[in-house]
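Residue numbers (the working numbering), protein chains in the order written: chain L, 232 to 801; chain W, 232 to 801. One structure is given below, encoded as structure tokens.
Number of protein chains: 2
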Amino acid sequence: MHWTQMLIPTMREVPKDAEATSHQLMIRAGMIRKLSSGVYSYLPLGFRVLQKVAAIIRDEMNKAGAEEILMPAIQPLDLWKKSGRYSVLKDILIEANTRGNQKIVFGPTHEEVVTELLTGYVKSYQDLPKILFQIQTKFRDEARPRFGVIRSKEFLMKDAYSFDTDFESLDKNYQKMYQAYCKIFSRCGLDYISVSADPGAMGGDVSHEFMVKIPFGEDRVVTCEGVEGAWNREVASGVSPEIEKDESLYQMEVFDTPGISTIEQLQKKYKINAQSLVKTLIYVADGQVVACLLRGDHELAENKLKKILKAKEVHLADEATIKKVTGAPVGFAGPIGLKDIKIVADISVQHMSNFVVGANEADKHLKNVNLERDFKVARFDDIRYVEEGDLHPESGRPLKMEPALEIGHVFKLGTKYSSSLDLTFLDPKGDRKHVVMGCYGIGVNRIIAAAIEQNHDEKGICWPLHIAPFDVIIVTTNESHEESKKVANELYAGLQDAGIDVLYDDRQDRAGVKFNDAELIGFPIQVVVGERNLKNNEIEIKIRKSLKINKLSISSAVEHITQWVKNDQY
Amino acid sequence: MHWTQMLIPTMREVPKDAEATSHQLMIRAGMIRKLSSGVYSYLPLGFRVLQKVAAIIRDEMNKAGAEEILMPAIQPLDLWKKSGRYSVLKDILIEANTRGNQKIVFGPTHEEVVTELLTGYVKSYQDLPKILFQIQTKFRDEARPRFGVIRSKEFLMKDAYSFDTDFESLDKNYQKMYQAYCKIFSRCGLDYISVSADPGAMGGDVSHEFMVKIPFGEDRVVTCEGVEGAWNREVASGVSPEIEKDESLYQMEVFDTPGISTIEQLQKKYKINAQSLVKTLIYVADGQVVACLLRGDHELAENKLKKILKAKEVHLADEATIKKVTGAPVGFAGPIGLKDIKIVADISVQHMSNFVVGANEADKHLKNVNLERDFKVARFDDIRYVEEGDLHPESGRPLKMEPALEIGHVFKLGTKYSSSLDLTFLDPKGDRKHVVMGCYGIGVNRIIAAAIEQNHDEKGICWPLHIAPFDVIIVTTNESHEESKKVANELYAGLQDAGIDVLYDDRQDRAGVKFNDAELIGFPIQVVVGERNLKNNEIEIKIRKSLKINKLSISSAVEHITQWVKNDQY
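See the structure below:
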């Protein structure tokens, strides 16, 4: 391609509304354009990257034995009610009515549709196992679309679904997909890690997230030096470094705290350390009220609570419920005097003594409260998110927490969807059983943003070779110089014939402008055709990542560059 | 690929709810599955065809200098109001509300979005000309989704948009796209024609439709033997064969027609020929009432009426308006006695005498009515659709009308969108001008249906080579015969290495079942490995289209087949 024939609207200024580096650079490199909040068009360069990423994904999916299909975005709302997910995901669903008052949703994911699809075709165990995938547009009414294509309302997803007769067979497909994901992310030039994660709304028991550590990551990845594995903060376990316990238990006392209902206020006004406080959160788990105790500086992990209570759904109790069970307004709940309510406490509470709690009475707290002596806990368990400074439960070494972005997620769904949507098969004995499923997603657009976050410098993007919009850019220092143009065109033709993806910047602009654009966009290899070097029958090669410059003879340039690109070594 | 590893759910029964042959065969060949009315999933074989068609389109678009982009499905409703198309297309728009009460539509087409996109980048005449295209999913709330993927609510479209400084330059891009379309449809194996068409809701003056003649076509293509060109029925002109005029004009008479308000009823009850009737249709054109006269058996063409009246919008008057202007209930309107209303008559009315019209009075008609003597017509013009039996206006030969399906449409839009959405450029003199646009659409899914409609027999589909799900299928007559399997695997590997798209039917089924499936799906070349032929080191080749069978030596088979496929000659 020639630059002047393409739409490549680069800009020098940093766009004001773009926080993330990748967002800024995608706009500045002329890759995307915002249409409205969380909705983007891909311009030619951006589309080329999107296609290259999709091609890598497609290739690895095919190699792993997955078959490509294409399911519709329009999905009957009823299907979501049937699977039970309408109530869970309705906040992000984009719903519409079509003629005849048909209620539809624009698919945020396709577990329901693919399960329904298979009901038409799976009869017996002989029809299994099977893996299907698609690269298709998803729609989600995000509460806070941001960071450009990282969190948007419309995005391209590769979603794959596996169907097996049993969990053993699911394990095999899960492994296949897991391995394929590793290959995909490697080929896209990403420095990624896989972490144990919570299946969340997707359902099922086991899941792994593929994460890249980037400053704007909305997730937190937990690791520990010398310990294998990594965890999403949601599922990580940690131990608080022990705080010295008071040797004696003091007398419990009521003290007045007029209008003071938050931990921040207690800390500020009464100089009470959050680590000496126990907060009492009133939760409702499947309709049952539970009091959850946590150290003042800890945060409850609802997914953990759900798991230990074996509840389908948990949420904070509303004001009325809190008043009813504690007898006090919100902000003064405490464990003492609660009747007929199960008390669950985080493990870290076990090591505390002489702590402060709410008094179950307006404007009052209790101090020097102690376990066993003053109240009883039904169960101690891990119900909180780990914090910076926590220790690994086994090694005792400190946990490290870093911001990360999820780019892929694999789930063992089990029979969640096959039960609710009735996808069954006959086993060899003729017994009807539910199909065992897995699902596997990759955010195609996010790979692009992640690659930029991990591969850029102050001049712009440094594309990993396999997903660069072009492998090579040819720049003449003076496009009016006939000999330069001739050599540039010959190199262009030669590289094209060799199967190299090459762009020729044929603009009549100053060399500096063209160099800056080439570095902003970040083509891996820059070929510079300049008048001076031509006198020695040479051209210059600039490697984007290292910014190193080498000279090559014109006659050997095509062969050298082709070798570099084919071997990804330059 | 091996058959047993793929999801290919063929069926022998003809699905009950599928009218069109292509719809029946796509279901039976396991290519698509219906999710809900007008909404389909593509299964692996269907998806392969879709991808091949898309690849051909992409290739020809690139060759024609169009650049690929990807615009979002989510479009702000405001943009549609600004372009003025919300009121025109609102019936087919799928609307939704997202958070913060943002009103969106799911794009049925992208003129608005692409025009807005270019406003960010087009500054001067030097930024033009430009052609952008995408292959993207469109959403339309069709009143009657039917014929499978022919008319569906969600479909894949290739839409391209050209941007020029003037109409002369637009003509060049229009020609480029027109030629590219011819190449695309030829490569897809379609027998197509291009017809002059009405731009309709898209706007602009000139447009051509690409049509394939098929029994279930919802359009009518008009041609005339010995006359160059073809027309959509909407824009075709025809002359009614002359009906002998009565020599004398009879006395006009009122006659009672109690409860008879339709032409069918008049014909049936009073034996009046529709050709002796003149029907009076009360229309509203941009708020102005017009009476339109047509011969009883003719049908008014609103697009023609709109054009001759230079109206933005025309529609049939409602009951109240009809009562008000005619003084009679609906069904009794006539030209005599209408006050202050312009009367427009179709040319064919000019040749009529002693005809019947409504009396502008309930339950009464008039007979022996004559032009000039009894009422005056403001204008005679062509305001009707041509009918079977009409004659070509110049050659005088009869017009031929055939059902056809639109698979592509090219439009010269002019400045319709650049004016309403303010897309301008500075010309060399520094004057600000509106960009001149064109748009070019192809229904990707429809190409598949059209190819099947034109290429099938009683056994199933006969795919044109370039869009077949696989070029070649290998079938063993006995999959338990080790030698057969060995040869089949060798041929499979050999063809794959030669770059041939090959499927190996490795099912343990009877040969008959496998042959039937191969013919139902319609792979162009069938390779049959049978025990008997192996004794002579031979295999059989069956050509799907001709059903001809040839023998080839095993050693030469790969080379022969490869040559056939590469040259598309077999």
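Glycine is no exception: its CB is placed at the ideal position from the N, C-alpha and C atoms.
Check each candidate in the options and name the one with the smallest Cα separation from residue i.
i                 : options                                : result
Leu630 of chain L : L:Asp358, L:Arg316, L:Gly460, L:Tyr317 : L:Gly460
Ile513 of chain W : W:Lys499, W:Lys265, W:Gly469, W:Leu531 : W:Leu531
Val759 of chain L : L:Phe398, L:Ala742, L:Gly518           : L:Ala742
His254 of chain W : W:Leu657, W:Val380, W:Val353           : W:Val380
His341 of chain L : L:Glu326, L:Lys389, L:Glu244, L:Glu790 : L:Lys389
Tyr616 of chain W : W:Leu301, W:Glu298, W:Gly527, W:Ala251 : W:Gly527
His687 of chain L : L:Gly269, L:Glu343, L:Phe754, L:Phe398 : L:Phe754
Asp248 of chain W : W:His233, W:Met262, W:Lys660, W:Gly269 : W:Gly269
Glu399 of chain L : L:Leu734, L:Gly645, L:Tyr801           : L:Gly645
Met583 of chain L : L:Ala505, L:Ala724, L:Lys554, L:Ala548 : L:Ala505
Ile638 of chain W : W:His233, W:Gly351, W:Val426           : W:Val426
Leu778 of chain L : L:Lys541, L:Gln800, L:Glu750, L:Ser787 : L:Glu750
Gly669 of chain W : W:Thr346, W:Phe378, W:Ala260, W:Ile578 : W:Thr346
Ala251 of chain L : L:Gln685, L:Thr396, L:Gln581           : L:Gln685
Val470 of chain W : W:Asn798, W:Ile300, W:Phe386, W:Glu625 : W:Glu625
Met302 of chain W : W:Leu349, W:Gly296, W:Ala260           : W:Leu349
Determine the extent of the beta strand (DSSP E) in which residue i is found, giving its start and end residues.
i                 : result
Ala635 of chain W : 630-645
Arg264 of chain L : 263-267
Ala461 of chain L : 458-463
Pro307 of chain L : 305-307
What's the call for residue i, buried or exposed, on a 16-neighbour Cβ count within 10 Å?
i                 : result
Leu363 of chain W : buried
Glu456 of chain L : exposed
Ser355 of chain L : exposed
Pro700 of chain W : buried
Ala391 of chain W : buried
Asp736 of chain W : buried
His640 of chain W : buried
Ile679 of chain L : buried
Phe486 of chain W : exposed
Met242 of chain L : exposed
Tyr501 of chain L : exposed
Asn767 of chain L : exposed
Gly620 of chain W : exposed
Thr454 of chain W : buried
Arg763 of chain L : exposed
What residues of chain L sit near residue i, judged by a beta carbon separation below 7 Å?
i                 : result
Met302 of chain W : Ser272
Pro275 of chain W : Glu298, Glu299, Ile300
Would you mind telling me which residues of chain W sit closer than 9 Å to residue i, beta carbon to beta carbon, in chain order?
i                 : result
Leu281 of chain L : Leu301
Asp736 of chain L : Within chain W, no residue comes near Asp736 of chain L; the closest Cβ sits about 16 Å away, beyond 9 Å.
Leu751 of chain L : Simply none; closest approach about 16 Å.
Name the chain W residues whose beta carbon is nearer than 7 Å to that of residue i?
i                 : result
Glu326 of chain L : Ala327
Leu348 of chain L : Arg264, Ser272
Tyr352 of chain L : Leu238, Pro240
List the residues of chain L that residue i touches, going by C-beta distances under 8 Å, in chain order.
i                 : result
Lys384 of chain W : Ile305, Thr329
Val344 of chain W : Leu266, Ser272
Tyr723 of chain W : Those do not exist, as Tyr723 of chain W stays about 16 Å from chain L at its closest Cβ, beyond 8 Å.
Using a cut-off of 9 Å between C-beta atoms, extract the partners of residue i located in chain L.
i                 : result
Pro659 of chain W : Result: empty, since nearest Cβ-Cβ is about 16 Å, beyond 9 Å.
Residue i lies in the alpha helix (DSSP H); which residues open and close that run?
i                 : result
Ala516 of chain L : Unbroken run through Ala516 of chain L is the beta strand (DSSP E), 509-516; no alpha helix (DSSP H).
Glu533 of chain W : 533-540
Gln410 of chain W : 398-418
Gln496 of chain L : 494-501
For a contact defined as C-beta to C-beta under 8 Å, what are the partners of residue i on chain W?
i                 : result
Lys361 of chain L : Leu238
Asp372 of chain L : Thr329, Arg330
Pair every Cβ in the stretch 272-279 of chain W with every Cβ in the stretch 396-408 of chain W, then say whether three or more of these pairs are closer than 8 Å.
No, they do not touch.
Could you tell me whether the stretch 588-597 of chain W touches the stretch 468-481 of chain W, where touching means 3 or more Cβ pairs closer than 8 Å?
No: the two stretches stay apart, fewer than three of their Cβ pairs being nearer than 8 Å.
Is the stretch 604-620 of chain L close to the stretch 563-573 of chain L, with three or more CB pairs under 8 Å?
Flag = yes, the stretch 604-620 of chain L and the stretch 563-573 of chain L touch.
With three or more beta-carbon pairs closer than 8 Å as the criterion, would you say the stretch 297-312 of chain W touches the stretch 328-336 of chain W?
Yes, since at least three Cβ pairs between the stretch 297-312 of chain W and the stretch 328-336 of chain W fall closer than 8 Å, the two stretches touch.
Should the stretch 412-424 of chain L be regarded as contacting the stretch 441-449 of chain L, the criterion being three or more beta carbon pairs within less than 8 Å?
In short, these stretches touch, since the Cβ pair count reaches three.
Any chance the stretch 659-677 of chain W sits against the stretch 280-292 of chain W, with 3 or more Cβ pairs inside 8 Å?
Output reads yes: the stretch 280-292 of chain W touches the stretch 659-677 of chain W.
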